[in-house]
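Report on the following structure.
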Amino acid sequence: MPHVHLKQHTLFYAQVGQTAAGRPSLLLLHGAGGSHLVWPREILRLPETAVYALDLPGHGRSSGPGCDTIDAYADVVADFLAACRLEQVVLAGHSMGGAIAQTLAVRGQTQVRALVLMGTGSRLRVNEVILGRILPDFAAAVDTINRFAWSADTPPPLVTHGRSFLADTDPQVMYGDFVACNTFDISPELPNITCPTLVLAAEDDHLTPVKYGRFLADHIPHSQLIVLPHAGHMMMVEQPTAVADAIRQFLEAV
Numbered sequence: 008m009p010h011v012h013l014k015q016h017t018l019f020y021a022q023v024g025q026t027a028a029g030r031p032s033l034l035l036l037h038g039a040g041g042s043h044l045v046w047p048r049e050i051l052r053l054p055e056t057a058v059y060a061l062d063l064p065g066h067g068r069s070s071g072p073g074c075d076t077i078d079a080y081a082d083v084v085a086d087f088l089a090a091c092r093l094e095q096v097v098l099a100g101h102s103m104g105g106a107i108a109q110t111l112a113v114r115g116q117t118q119v120r121a122l123v124l125m126g127t128g129s130r131l132r133v134n135e136v137i138l139g140r141i142l143p144d145f146a147a148a149v150d151t152i153n154r155f156a157w158s159a160d161t162p163p164p165l166v167t168h169g170r171s172f173l174a175d176t177d178p179q180v181m182y183g184d185f186v187a188c189n190t191f192d193i194s195p196e197l198p199n200i201t202c203p204t205l206v207l208a209a210e211d212d213h214l215t216p217v218k219y220g221r222f223l224a225d226h227i228p229h230s231q232l233i234v235l236p237h238a239g240h241m242m243m244v245e246q247p248t249a250v251a252d253a254i255r256q257f258l259e260a261v
């Protein structure tokens, strides 16, 4: 699996598939405390599409430290696009990754052809109990985050695995991620996102409720909203086939 060496970071990414002529690549941006491992094979193996799953700084196999602003993460992703010479991409971001994708689109990043925004919003305020607990009591913070991340319909083994996945994150990196989310608010600039946008929200998402997705779809000019039943914040893990089908159909339209 390849790495890209940037000025301050060495980034790991997984790359699957090849892009057919005329189609953009797909760059997957994980959420707070995540890594490329969060993406299921249904999304990684979309037909006729080169799919890149990036580990943001300090996450997974990428070098640290992490960032504590969405703008800083967006700078890193912009450098990654340039280093990999990706000229046409669809950015698919989950939660914090969706904030990064929105930021790059608002900036008018030339490589960005479309967006897929999953379980995210134009502002991502973090509950003070979660934010204040990450560093002094990381285990308790992980329990709280994980409890709100899943639908009640999700099989318990997935929920348990999700907790262990979060617990493997460096607490300082996790804290920086949530600080970045807490200070993010791009709401006034949503009309400046001119590329086609697919918004995926989940019926049982308690971290970024459906109203967040509706707000995005109402204020981004060329957007569509799909609400997934029986899924929570980790919709791509809970409903991988439904999410992959929605992205595949969107890519075909783009």
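In this note's numbering, the protein residues as written are 8 to 261.
From the three backbone atoms N, C-alpha and C, an ideal C-beta is built for every residue, glycine too.
Given the structure is predicted, the values throughout are model-derived calculations rather than measurements.
Query raised in the report: Per DSSP, what kind of secondary structure is Arg43 in: helix, strand or coil?
Result: In the sequence as displayed, the identity of residue 43 is His instead of Arg. Three-state result, His43: helix.
Query raised in the report: Whose CA, out of Ala39, Ala21, Glu259, Asp75, lies closest to the CA of Leu214?
Result: Ala39
**Report entry** Where Val96 falls, given that 16 or more other Cβ within 10 Å makes a residue buried
**Finding:** buried
Report task. Determine, using beta carbons only, whether Arg132 and Asn153 come nearer to each other than 8 angstroms. Result -> no
Query raised in the report: Mapping DSSP to helix, strand and coil, what is Arg132?
Result: coil
Query raised in the report: Which residues bound the alpha helix (DSSP H) around Val97?
Result: Counting along the chain, Val97 falls outside any alpha helix (DSSP H), though it belongs to the beta strand (DSSP E) covering 96 to 101.
Query raised in the report: Beta-carbon separation of Ala106 and Leu33 under 8 angstroms?
Result: no
Report task. Would you be able to state if there are at least three C-beta pairs under 8 angstroms between the segment 10 to 26 and the segment 55 to 64? Result -> yes
Report task. Look up Phe191 in the DSSP assignment and say whether it is helix, strand or coil. Result -> coil
**Report entry** the segment 180 to 194 in contact with the segment 139 to 146 per 3-pair CB rule at 8 angstroms
**Finding:** yes
Query raised in the report: By a C-beta neighbour count over all protein chains shown, 10 Å radius and 16 as the cutoff for buried, is Asp212 buried or exposed?
Result: buried
Query raised in the report: By how many angstroms is the C-alpha of His237 removed from the C-alpha of Ala159?
Result: 8 angstroms
**Report entry** Between the CA atoms of Asp175 and Ala81 - distance to the nearest angstrom
**Finding:** 24 angstroms
Report task. Identify the continuous alpha helix (DSSP H) that holds Met242 and give its terminal residues. Result -> 242 to 245
Query raised in the report: Can the beta-carbon of Ala208 be found closer than 8 angstroms to that of Leu53?
Result: no
Requested in this report: Out of Pro162, Ala112, Ser69, point me to the one whose CA is closest to Ser5's CA.
Outcome: Examination of residue 5 is not possible in this model, given that the chain is present from 8 through 261 alone.
Requested in this report: Would you give the residue range spanned by the beta strand (DSSP E) that Leu13 belongs to?
Outcome: Premise fails: Leu13 is in no beta strand (DSSP E) and is neither H nor E.
Query - Secondary structure of Leu214, DSSP reduced to three states - result: coil
Requested in this report: Could you have a look at Ala148 and say whether DSSP puts it in helix, strand or coil?
Outcome: helix
Report task. May I ask you to report which of helix, strand or coil DSSP gives Gln118? Result -> coil
Query - Residue range of the unbroken beta strand (DSSP E) whose run includes Ser171 - result: Where Ser171 is concerned, there is no enclosing beta strand (DSSP E), although the alpha helix (DSSP H) it sits in stretches over 163 to 174.
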